[in-house]
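**Student:** If you count by this note's numbering, then the sequence shown holds residues -7 to 693, one letter each, in order.
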Amino acid sequence: MGDNCEYVDLLVDRRKTSDFLWVSRPMDPLAPHRLPPEMKYTRTQAIEAALDNPRVVFTVDTLAAARAVDKTVIRREAREMLEEMASKAHLPTVRWIGLLVVKVLKRILLSFRVNQKYLLEIREDMKHSDVQYVYVPSHRSYLDFVLMSYLLFTFDMALPNIASGMDFYRMKVVGELLRKTGAFYLRRSFTADQLYKEIFKAYVASLVENSDRAIEFFIEGTRSRSQKSIAPKYGLLGMILEAVFQSHVPDIQFVPISITYDRPLEESLFSYELLGVPKPPESTSGLFKSLSILREQQAHGHIYFNVAPPISAKKFMDYNVRRMTVLSQNAKLPTDVVKNLAFEIIESHKKNTIIIPFNLIAVLFNERVHSHPSSPYSFDGLLQDYCWLKGIMKRMGATIFPKIDNGEDESSYRKSEKDEIKESLNVHKNLLSFDSNNSLTLHETYRDIKSEKLRNVRGHTLEERTMKIAIPAINLCIYVNPTFALFTKVTMAAVAIHTPDMLKECAREKYIFLRKLLSNEFALPADDCTDTIANEWTHEMEFLINADCFEFEDNRIIYGNNEKFRLLLCNLISPFVSAVCVTCLTLYHWDNATMEDPTDKNILKESQRRAETLLFHDDSLVHHPYTLSLDLYSSTLVSLTSSGAINSIPNQPNYDIDRPKLSSIIVELEKILLSRQSSGSYLDIGPTLIHHADNTLQAKL
């Protein structure tokens, strides 16, 4: 993080001049991958190259023999797959969609801010480089890839080949329009379909090696409904890296882009999805319904795109890795290469996350609920703590609401903290506002759910009293979560010291314990060695000591004088620790005689049911509604599998449970959770919630 930035608002000029003249301007978009004409494939050539790929030919022959049909039958199936898959760039379509997009953005946003420093450097490098480029943005909203294309169009850069899910392909008209802006389509899962797998790998290879346009994909695989980084997916990344591994291209430059939304378009639905209510299916009619966002002008605040320095794939392939392909044509790309690059990209996303004012307000409100539930913030009190927290986070290296260099006047980009709070609360007035008593109050955002949605919930069907407090609380936490780009490790270090006097070695061991259990949830490498994690702890403790949260006395750690910040950190991480504990308790008490098989779906459902029960007990292990999020249980299962506390049974969807290991984990987690010093919870503020009508959300649900 930091302020090595040159932010510009891409909408400033668009508010002055003709949008039609802008989108129809003469263009020669810069293609990033410089290729001789004979190596640059058209769409038809890319399809033919994929069909002629040796592995595809072998798979076609094998399947034809196995199914006792002519090879032309299988080849026809393969061609149909490629026609479904392949992109079809068409600049006139891009121009017309660009006209619509700019009209919408000017209506719904205050600004679209881009750090152009590295983007301009990359653009200049593309003019002289022979390497391929891959854009790897974080994934926070369906709007991400639209904005990415708008950004490149603005800077006269060729739109990339964009990896897109089949949900968009199935949308009438829209699917084909997106294809003409560069989208290529892939199925969500195809490991069981060998022909599709080989076809897709061959098509990706043709894009990497023989397309003059870059590639764009989301390494997280899916939108982060929690608005923090999620663990990377390796499949498409591995396919792209094969071209470097096989020396078919000299290098690939991966360009991470961290995206921050003041208020995501899907904000109101994220809380429901985290609790298991299915999202509305992608459809053309749904797209038109979503245009209701245009009713309220500039209601979605600011959007930030922070373009980071490129990451070279070659850096991850030393001489020994490249030598493998010389020694054997069948050599496979080492999985460590893919994994290390994936986490480097995720780390870049975190490092370059922009923190917005409402992130700080959400953190402070969350802490107030836990520490002083009966004493809500006044405006002056909020302003004082806002400045306090902002100072701490900036000292930690955070980039908070950076100014823009092309504002109309100074007031448009350089605001006081007071103005930052006022503007932010205006954008989020549906969630937080000051009431008539000048008290900062949370709004009740829960709406009745249609009966068919309730029948299809992924988890346990929660009671209405639970939903009424969980929906606004989780909605708020969606804005707390981006701060974990900064706070993840320091919160673990703080909460691990759960007694006022603890041996250093014990504190270090508890940090290592938590770090491994929460690695998947916070997109950290699960297999980092103990020494690496211990060094992390040392670094975080240095910060906590300097912040006066703790003190060293010989070989012991005692609480310092800065209780306010220490408790804030502990309360931030505690819902995640609670979710791990609930999952472990659920598995430990699993009774195969009276319960269904311990599959992922059943474990998630039972864990959520247990968490709901515990939430309404005063002395429970669960005091935050965010612990009801199904995503937390899913990530815990991954971490427990890595630790050996549970094991997947081959060829079955069930788990084998190691109860002694789970028991030891539960004991340690309960020590941490039961030592909690803050007495308040969201249940305490339930009666004060302000009812807020949202007819748009009601229609979606």
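The beta-carbon is built from N, C-alpha and C at its ideal position, and this holds for glycine as well.
(1) Roughly how many angstroms lie between the CA atoms of Met118 and Ser10, to the nearest whole one?
(2) Using CA coordinates, which residue listed in Tyr674, Leu233, Thr619 is at the minimum distance from Lys193?
(3) Can you give the beta carbon distance from Val106 to Val0, rounded, assuming they're within the 8 Å contact cut?
(4) Can you check which of these residues, Leu560, Met158, Val165, Gly167, is closest to Arg179 by C-alpha distance?
(5) Would the beta-carbon of Glu660 fall within 8 Å of that of Phe542?
(6) Going by the CB atoms, is the gap between Asp204 and Leu27 shorter than 8 Å?
(7) Using alpha carbons as the reference points, say which of Asp648, Arg668, Leu151, Tyr296 lies closest to Arg132.
(8) Taking the C-alpha atoms as reference points, what is the distance between Lys597 and Leu666?
(9) Counting along the chain, where does the beta strand (DSSP E) carrying Gln245 start and finish?
(10) Does the separation of the CB atoms of Ala78 and Pro152 fall below 8 Å?
(11) Could you tell me which of Asp62, Lys109, His292, Arg314 sits nearest to Leu135, measuring between CA atoms?
(12) Taking only three categories from DSSP, how would you classify Gln690?
(13) Measure how close the beta-carbons of Ser370 and Ser408 come, nearest whole angstrom, since I'm counting them as under 8 Å.
(14) Going along the chain, which residues of its own chain have a beta-carbon closer than 7 Å to the beta-carbon of Val241, five neighbours each way excluded?
(15) Who does Gln124 pair with in a DSSP beta bridge?
(16) Output the boundary residues of the beta strand (DSSP E) element that contains Ile191.
(17) Of the choices Ala603, Leu607, Leu564, Asp623, whose alpha-carbon is the least far from that of Asp592?
(18) Measure the Cβ-Cβ separation of Ser631 and Lys496 and say whether it is below 8 Å.
(19) Which runs of the alpha helix (DSSP H) at least 4 residues long sit entirely within the segment 345 to 383? Give them in chain order.
(20) How long is the line joining the alpha carbons of Cys379 and Lys414, rounded to whole angstroms?
(21) For Ala175, which of helix, strand or coil comes out of DSSP?
(22) Take the Cβ of Ile550 as the centre, count every other Cβ of all protein chains shown within 10 Å, and call the residue buried at 16 or more, exposed below.
(23) Just reading off the beta strand (DSSP E) that Val0 is part of, what are its end residues?
(24) Can you give me the C-alpha to C-alpha distance between Lys502 and Ile489, rounded to a whole angstrom?
(25) Can you tell me which of Ser304, Thr64, Phe237, Ala58 puts its alpha carbon nearest to the alpha carbon of Gln186?
(26) Output yes or no for whether 8 Å exceeds the beta carbon distance between Val472 and Ile664.
(27) According to DSSP, what are the bridge partners of Leu434?
(28) So does the segment 636 to 652 actually touch the segment 569 to 583, counting three or more Cβ pairs closer than 8 Å?
(29) Return the first residue and the last residue of the beta strand (DSSP E) that Val106 is part of.
(30) Whether or not the segment 222 to 233 and the segment 141 to 152 are in contact is what I'm after, with contact meaning three or more pairs of Cβ atoms, one per stretch, closer than 8 Å; do they touch?
(31) With a CB to CB cut of under 6 Å and the five nearest residues on each side skipped, what residues in its chain are close to Met189?
(32) Please classify Thr586: does DSSP put it in a helix, a strand, or coil?
(33) Specify the secondary structure class of Thr391 as computed by DSSP and reduced to three states.
(34) For Leu352, which residues from the same chain have a beta carbon less than 7 Å from its beta carbon, with the 5 sequence-adjacent residues on both sides left out?
(35) Counting pairs of beta carbons, one from the segment 257 to 275 and one from the segment 446 to 458, are three or more of them closer than 8 Å?
**Tutor:** A quick look at the data gives this:
(1) For the pair Met118 and Ser10, the Cα-to-Cα distance works out to about 30 Å.
(2) The residue among Tyr674, Leu233, Thr619 with its C-alpha nearest the C-alpha of Lys193 is Leu233.
(3) Taking C-beta atoms under 8 Å as the contact rule, Val106 and Val0 qualify, at a distance of about 6 Å.
(4) Cα-wise, what sits closest to Arg179 is Met158.
(5) Taking 8 Å as the Cβ cut-off, Glu660 and Phe542 do not qualify as a contacting pair.
(6) The beta carbons of Leu27 and Asp204 sit closer together than 8 Å.
(7) It is Tyr296 whose Cα lies nearest to the Cα of Arg132.
(8) Lys597 and Leu666: Cα-Cα distance of roughly 24 Å.
(9) Run containing Gln245: 244 to 253, per the beta strand (DSSP E) assignment.
(10) Not closer than 8 Å, so no.
(11) Nearest C-alpha to Leu135: His292.
(12) The pLDDT assigned to Gln690 is 43, lower than 50, so where the model puts this residue is not dependable, and the model offers no usable value.
(13) About 18 Å; that fails the 8 Å criterion.
(14) Excluding sequence neighbours, Val241 sits near Val123, Gln124, Val200, Glu201, Ala235.
(15) According to DSSP, Gln124 bridges with Ile244.
(16) Here Ile191 belongs to no beta strand (DSSP E); instead the alpha helix (DSSP H) covers 186 to 202.
(17) Just measuring C-alpha positions, the residue of Ala603, Leu607, Leu564, Asp623 sitting nearest Asp592 is Asp623.
(18) Taking 8 Å as the Cβ cut-off, Ser631 and Lys496 do not qualify as a contacting pair.
(19) DSSP runs (the alpha helix (DSSP H)) wholly in the segment 345 to 383: 349 to 363.
(20) Rounded to the nearest angstrom, the gap between the Cα atoms of Cys379 and Lys414 is 14 Å.
(21) Ala175: strand per DSSP, three-state reduction.
(22) Flag for Ile550 reads exposed.
(23) That run of the beta strand (DSSP E) goes -1 to 1.
(24) Lys502 and Ile489 have their C-alpha atoms roughly 8 Å apart.
(25) Cα-wise, what sits closest to Gln186 is Ala58.
(26) Their beta carbons are not under 8 Å apart, which means Val472 does not touch Ile664 by this criterion.
(27) Bridge partners of Leu434: Leu424.
(28) With contact defined as three or more Cβ pairs closer than 8 Å, the segment 636 to 652 and the segment 569 to 583 are in contact.
(29) Val106 -> beta strand (DSSP E) spans 103 to 107.
(30) In short, these stretches do not touch, since the Cβ pair count stays below three.
(31) According to the sequence as given, residue 189 is Lys; it is not Met. Excluding the 5 residues flanking it on each side, Lys189 has same chain C-beta neighbours closer than 6 Å at Phe182, in chain order.
(32) Coil at Thr586, not helix or strand.
(33) Thr391: strand per DSSP, three-state reduction.
(34) Taking C-beta separations shorter than 7 Å and ignoring five residues to either side along the sequence, the partners of Leu352 in its chain run Tyr378, Leu381, Lys382, following chain order.
(35) Touching, yes.
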